[in-house]
Amino acid sequence: MNIVEFKRIDGRKHDEFRPIEARVGVLQKADGSAYFRLGNTVAIAGVYGPRKVHPRHEEQLDRAILRTRYNMAPFATTERGRPGYSRRSIEISMVTRQAINPVIFLEEFPKTAIDVHIEVLQADASTRCVGINAACLALADAGIPMRDLVASCSAGKVNGNIILDIAGKEDTEGEVDLPVAYYPKKKHVTLLQMDGIVTREEAKEIVKLAVGGTKKIYEAQKSALRKKYEIEGEKNDIY
Amino acid sequence: MNIVEFKRIDGRKHDEFRPIEARVGVLQKADGSAYFRLGNTVAIAGVYGPRKVHPRHEEQLDRAILRTRYNMAPFATTERGRPGYSRRSIEISMVTRQAINPVIFLEEFPKTAIDVHIEVLQADASTRCVGINAACLALADAGIPMRDLVASCSAGKVNGNIILDIAGKEDTEGEVDLPVAYYPKKKHVTLLQMDGIVTREEAKEIVKLAVGGTKKIYEAQKSALRKKYEIEGEKNDIY
Amino acid sequence: MNIVEFKRIDGRKHDEFRPIEARVGVLQKADGSAYFRLGNTVAIAGVYGPRKVHPRHEEQLDRAILRTRYNMAPFATTERGRPGYSRRSIEISMVTRQAINPVIFLEEFPKTAIDVHIEVLQADASTRCVGINAACLALADAGIPMRDLVASCSAGKVNGNIILDIAGKEDTEGEVDLPVAYYPKKKHVTLLQMDGIVTREEAKEIVKLAVGGTKKIYEAQKSALRKKYEIEGEKNDIY
Amino acid sequence: MISTDPQLIKNIVSNGERLDGRGMYDYRKITIEKGAVATADGSARVKLGNTEVICGVKFSVGEPFSDTPDEGVLMVAAEFVPLASPEFESGPPGEEAVEASRVVDRAIRESKVIDFKKLCITPGEKVWMVFVDIDVLDNDGNLIDAASLAAIAALFDAKLPGLKEDGKIDYDNKSDQGLQINGIPLSTTFAKVGDSIIADPDLSEAEAVDARLTVGTFDKDGDVLLCSMQKGGSVGLTVEELEKIIDLAISKGKELRKMVANA
Amino acid sequence: MISTDPQLIKNIVSNGERLDGRGMYDYRKITIEKGAVATADGSARVKLGNTEVICGVKFSVGEPFSDTPDEGVLMVAAEFVPLASPEFESGPPGEEAVEASRVVDRAIRESKVIDFKKLCITPGEKVWMVFVDIDVLDNDGNLIDAASLAAIAALFDAKLPGLKEDGKIDYDNKSDQGLQINGIPLSTTFAKVGDSIIADPDLSEAEAVDARLTVGTFDKDGDVLLCSMQKGGSVGLTVEELEKIIDLAISKGKELRKMVANA
Amino acid sequence: MISTDPQLIKNIVSNGERLDGRGMYDYRKITIEKGAVATADGSARVKLGNTEVICGVKFSVGEPFSDTPDEGVLMVAAEFVPLASPEFESGPPGEEAVEASRVVDRAIRESKVIDFKKLCITPGEKVWMVFVDIDVLDNDGNLIDAASLAAIAALFDAKLPGLKEDGKIDYDNKSDQGLQINGIPLSTTFAKVGDSIIADPDLSEAEAVDARLTVGTFDKDGDVLLCSMQKGGSVGLTVEELEKIIDLAISKGKELRKMVANA
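Chains as they are written, first to last, in my numbering: chain A, 43 to 281; chain B, 43 to 281; chain C, 43 to 281; chain D, 12 to 274; chain E, 12 to 274; chain F, 12 to 274.
What follows is the structure, given as structure tokens:
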């Protein structure tokens, strides 16, 4: 299993991430918000809720409904994207909701909606992962009670090598891309998609590499949240 | 009136149908369903209801509302069709509703909706007729109380000859197409459309030929329903 | 300020309108209606209301809501226009609503809607002005209590000359177009838009020319309303 | 809106009378004003009693359909503008508007009074697109016949624009070339109320109408021919009623065609 | 509709049994009928228990995408026709239909069993567009696998139309040239109910399903390879569960491929 | 959200003061960050107090409009992304977003600071399309001015992509050729609250605002000229108020232009 280390296009090791940057509370109007960056992929998430459900018939008597909307800014891609919903964004909004859903105490807020809006500002692979990472931070920032954070990243195969966090030229040349989202406390994979050709063994190896990678993402998320409370703590000291 | 019999492209007599096939109960989930085939034209109809009305403001206090949706599968036509509503399907959905409406005891189910969905799987002329035939069978299969069945077919003029059930090459060469739906017990024509050039006498002759043709359709419908009850009867014998 | 009078393409003076024609009560079904023509620009407005609000959630407890819809007939322009809402018609519908809003006693009809539909039948510049003029007459014709009429016209700059009511070839050659709507009793400009390059002084001069021009529009509106009541008066005499 | 009790209408009609005093087979007063829209290439405003529609014809240059590479294209669209009725709503055309435009379209297209091959500019590449747009301004019933009258009158009124050297339309110079139209296809609508047949039902009668038959007729070399039919309404018609309406439509079509010819 | 209590299903499954008596890793009865739609260029009707879908393939000639100027274009669309379920509604496809079509599309596309370069007619200008349209007629669960079976069977059934001299499709003369497809990519779906894994969940089981994994596999030179995966459901799966499902999918894929090959 | 009582705002403003301590004609703190989006051909992130917008410019190659065959095409679109405000909803842009994009578009287009003839590649066939997309991230009022600042700063930041021999964009090699922009057109917005005029109303003030005037100004050869105006709000303005705002806008525009020039 990749014992001899090879050279990646951008010089990273096979299990090395692009630079990670995470911040919470980046927006003023949203009840919670976060910024997440993985190299050149950047997303912002904003959370509203728990709040009243419109339209009313979507309301659930025993829990909050979670609604997610993944959107790509028209300038986020190499070719300008058309604004508005696409089949791609409908699918990603759905798998994002399923990825996040298990960690939220939805049952504590019956008859309400929790709305998570993800805006991808720059797209260089793994946009759904970066969106999920930002979304979980935004939910925490909004004070929504959560069992854990979900951390997401992808691994794949490029020129026969199994590597973490495909990006840039690797993405266009890549044979396989496999994003996961991971719920560490329960050791649950809450999102998994794959396209490309792999053997059974490669599939399992890539899953493990991706799941292992989420640890570093999780650290970055927690660190961003700690920073928030430190700063808020400092503020408290002042007063 | 066409006393000398001429040769039709596919060898049929002037008042001869393409092969007719009718079956009820072809779907599992729908409350009632039916398959109707006229040569190469095939439609399936599924009925849901009487059921609650969404959106509520469409509800009628004194009767059920009848909603019909005629849809053509993208692969039903020579050139692939675009999925979704077209102006054509809006018009046909409407005349289909008007054709069926008189025979249903809508007044027995106030504040409910009866939804009839017609899916044309193969289109070789007379798709609205085949859809209506399937729809009536599906309504009967759903146990919706009806005054009668409505039977539908078309007649027209090809190369100066007045013929029943235009199809295939006749359709592209045809000068006139006139579909009717007929409510036998009341002797009422509940659908009639025509395009193409005819004299007054020809118009009347074509109407009569089409209305006469509905008899055979009606027989096929009743036979399909009888078969259902026979089979159900047999089932009852077994238990 | 334009002391030497120059020659306009269609022979008008710098502060001269195209022929104005105004009539009220031109439609039968609408609660109020009016026709307004400025040269080759023609609009009809129809008013419904005060009436129940659909959808209900738009209802206001303390006043009527005013809804305006500006629409251009497909045959109103040189090139055939696509039917349906455009970004342009969304914006004009909005500024039209804001232009008219101040003069209506909306507070007298809580929980209702007043709907103003403007249909531009011929477009030769100043369509929004002509629409507003027709709309106010239609509101008056509908018997909606109003503080005043709003009168609208435009002025602009063509080949360096500041002129009233740009039209025809002036429109394509024009450098600046500035439509206003004016609420005379309060001396309030309720609509103002501008595009094109002007100096500060020119801007002010054009505003004044346009605002001054609304006086003649206002007269035409009042005369149309007087004619209505005269005719109705005559009718009363007869009976 | 005060609406008339359908039962009252049924009673009146069953006595062979109508609320507004018309005869059973009489149309309301018709006025046809050609050239009503200065910006259109052809236009007509039609009043049928209190029903009012306006139709504008516009030409543009476009690609032919692949199955008719040497024929111009006819597009008929009706917009039921919300000022025409408290029931009309903004948004995409409803089923009634779609039906009206398609019935008007079929009567004109199927009658073949327009030779679309003459509207070909370069086969397979450029043809004239003929847009016939109908705006309903006032809906007092029988919109199909009003729209049909307006459409054919506007087509007769239409003049093709000139073409510039680059093949684009020269909007400043109209040609004086009209469409060659060999006949006047028209829709005429009759309704069944109880056991009676009436022509041109108005809105007060609409609720009492059981069924409707619209028959498209046109004249060719002195003969009258049918080119389209469309039944409406939620009740059926007997074959005898259909035949009676076909006969009525043929004679009523003759009357209406005179008005179009003289407009 | 009488729906089954999810807790009942959970109890049954936790005992290693299923409501309809199937084994945990058994699919429902599968029937594949190729050529089911006479108007399509290729078609298949698939029943998976009471789930029924019909797939039609149609070819047309179109422009290639600018980043693959010498490749044909594959378009997979699924319509969840409202007759198939009381929950399906008219209108644009919902998220479930979008997901199904995209998962089916990815399995076929990513496996590279179709050489899209062979579907190029004139590089940069004209290529074959392959439309794979899936109509769901009856929804009794696991639509993705049913759609996947129908799509690949329909593609195997497809024959390219002939081309006329002007480059347009000759609808009267089909060629006997099929698509060259080097392998059978198929989606196989397993679900987690409590701590158990079951194959091919039906609609009565759907409410009890915690998570779902769809694995696309195909055969290449005797080997089985994966080409796509898609997790669904609102609960997660452990890595061990994932690995178990991958193994199950590989062996189940072999079974299903035989059915497609023999259809 | 705790909203501020409009009457309170009116009282404060009538005393010549503002809730956040600003002067009547002061803008909130402005920060302009050019090049904020790595994937865009030009970009800027603008904060106007707590209002934040991000603008990305992208170029593509397309066909010119038929009436300007030798000119590039400018397309300005604003999306009021729902994360920016509890009131923004998904779906097509509402009237506020449409107005903002059109007002920003007009100020840039009408000022003629960009020579669109220089964005022609092959007359009548290929021109540069300039897409200016504005995402609102945080709405604390006066979105038009924030969008206007971001749009012009992003245009100044933009570099045209290179073209490959086949006329397509070479995404790997950007040129270092910027747009030639001869002036800085900017929107400046003033509001009337009671009898007072204030600059740059924020969201807490919005409910108290009676009327709004947005004035587009730009600099040309040392002079300041107006290029657009747009009145908003449900109350009118006197001619004197209009004139006062025009004067204020001219001097405020000078200040803001310096910030853009130095960004």
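All C-beta atoms in this analysis are idealised placements derived from N, C-alpha and C, irrespective of residue type, glycine included. Owing to the predicted nature of the structure, the values given are computational and were not obtained by experimental measurement.
Return helix, strand or coil for residue i, following the three-state DSSP convention.
{"i": "residue 141 of chain F", "result": "strand"}
{"i": "residue 251 of chain A", "result": "helix"}
{"i": "residue 273 of chain E", "result": "helix"}
{"i": "residue 191 of chain E", "result": "coil"}
{"i": "residue 47 of chain D", "result": "coil"}
{"i": "residue 112 of chain E", "result": "helix"}
{"i": "residue 113 of chain C", "result": "strand"}
{"i": "residue 208 of chain E", "result": "strand"}
{"i": "residue 56 of chain E", "result": "strand"}
{"i": "residue 150 of chain E", "result": "coil"}
{"i": "residue 63 of chain E", "result": "strand"}
{"i": "residue 79 of chain F", "result": "coil"}
{"i": "residue 173 of chain E", "result": "strand"}
{"i": "residue 256 of chain B", "result": "helix"}
{"i": "residue 184 of chain E", "result": "strand"}
Can you round the beta-carbon distance between residue i and residue j to whole angstroms, since I take them to be within the 8 Å contact cut?
{"i": "residue 84 of chain F", "j": "residue 140 of chain F", "result": "5 Å"}
{"i": "residue 82 of chain E", "j": "residue 128 of chain E", "result": "6 Å"}
{"i": "residue 73 of chain B", "j": "residue 91 of chain B", "result": "7 Å"}
{"i": "residue 208 of chain A", "j": "residue 202 of chain A", "result": "Not quite, the Cβ-Cβ distance comes to about 13 Å (not below 8 Å), so this is no contact."}
Rounded to whole angstroms, what is the Cα-Cα separation between residue i and residue j?
{"i": "residue 67 of chain E", "j": "residue 145 of chain E", "result": "7 Å"}
{"i": "residue 222 of chain A", "j": "residue 170 of chain A", "result": "10 Å"}
{"i": "residue 278 of chain A", "j": "residue 256 of chain A", "result": "Caution applies to residue 278 of chain A, whose pLDDT of 47 falls short of 50 and renders its modelled position unreliable; the value that the coordinates give is listed next. So the alpha carbons of these two residues sit roughly 33 Å apart."}
{"i": "residue 199 of chain D", "j": "residue 253 of chain F", "result": "58 Å"}
{"i": "residue 193 of chain A", "j": "residue 132 of chain A", "result": "21 Å"}
{"i": "residue 102 of chain C", "j": "residue 51 of chain D", "result": "41 Å"}
{"i": "residue 236 of chain D", "j": "residue 69 of chain C", "result": "36 Å"}
{"i": "residue 248 of chain E", "j": "residue 230 of chain A", "result": "5 Å"}
{"i": "residue 197 of chain F", "j": "residue 120 of chain F", "result": "11 Å"}
{"i": "residue 213 of chain E", "j": "residue 249 of chain A", "result": "28 Å"}
{"i": "residue 93 of chain A", "j": "residue 44 of chain E", "result": "50 Å"}
{"i": "residue 195 of chain C", "j": "residue 117 of chain C", "result": "23 Å"}
{"i": "residue 46 of chain E", "j": "residue 160 of chain E", "result": "14 Å"}
{"i": "residue 52 of chain A", "j": "residue 30 of chain E", "result": "54 Å"}
{"i": "residue 44 of chain B", "j": "residue 264 of chain B", "result": "Unreliable placement is indicated for residue 44 of chain B, whose pLDDT of 46 sits below 50; the coordinate value is still reported in the next sentence. Straight-line Cα distance between these residues: approximately 30 Å."}
{"i": "residue 12 of chain F", "j": "residue 208 of chain F", "result": "Its pLDDT being 45, under 50, residue 12 of chain F is placed unreliably by the model, and the measurement read from it follows with that caveat. Taking the straight line joining both Cα atoms gives about 27 Å."}
(request) Quick one: which residues of the region 97–126 of chain C get their C-beta closer than 8 Å to a C-beta of chain F? List them in chain order. (result) With the criterion set as a beta carbon lying under 8 Å from some beta carbon of chain F, the region 97–126 of chain C has no members that meet it.
(request) Determine which residues of the region 225–254 of chain B have a Cβ less than 9 Å from any Cβ of chain D, and write them out in chain order. (result) Within the region 225–254 of chain B, contact with chain D at the beta-carbon level (separation under 9 Å) is assigned to 225, 228, 229, 230, 231, 232, 233, 234, 235, 236, 237, 238, 239, 240, 241, 242, 244, 245, 246, 249, 250 and 253.
(message) Beta carbons nearer than 8 Å to chain B: which residues of the region 80–91 of chain E have them?
(response) Flagged, chain order: 88 and 90.
(message) Along the region 38–65 of chain F, where does the CB come closer than 7 Å to a CB of chain A? Name the residues.
(response) For the region 38–65 of chain F, which is checked against every Cβ of chain A, the residues closer than 7 Å are 48, 49, 50, 51, 54, 61 and 65.
(request) Entirely within the region 176–227 of chain A and at least 3 residues each: give me those beta strand (DSSP E) ranges in chain order. (result) Listed in chain order, the complete beta strand (DSSP E) runs (minimum 3 residues) inside the region 176–227 of chain A are 193–200, 203–206 and 218–225.
(message) Counting only Cβ-Cβ distances shorter than 8 Å, please list the residues of the region 127–152 of chain D near chain C, keeping chain order.
(response) Listed in sequence order: 142, 144, 146, 148, 149, 150 and 151.
(request) Taking only beta carbons into account, state which residues of the region 124–150 of chain A come closer than 7 Å to chain E, listed in chain order. (result) Under the 7 Å Cβ criterion, the region 124–150 of chain A contributes 129, 132, 133, 136, 140, 143 and 144.
(message) Beta carbons nearer than 7 Å to chain E: which residues of the region 176–210 of chain B have them?
(response) Of all residues in the region 176–210 of chain B, none has a Cβ within less than 7 Å of some Cβ in chain E.
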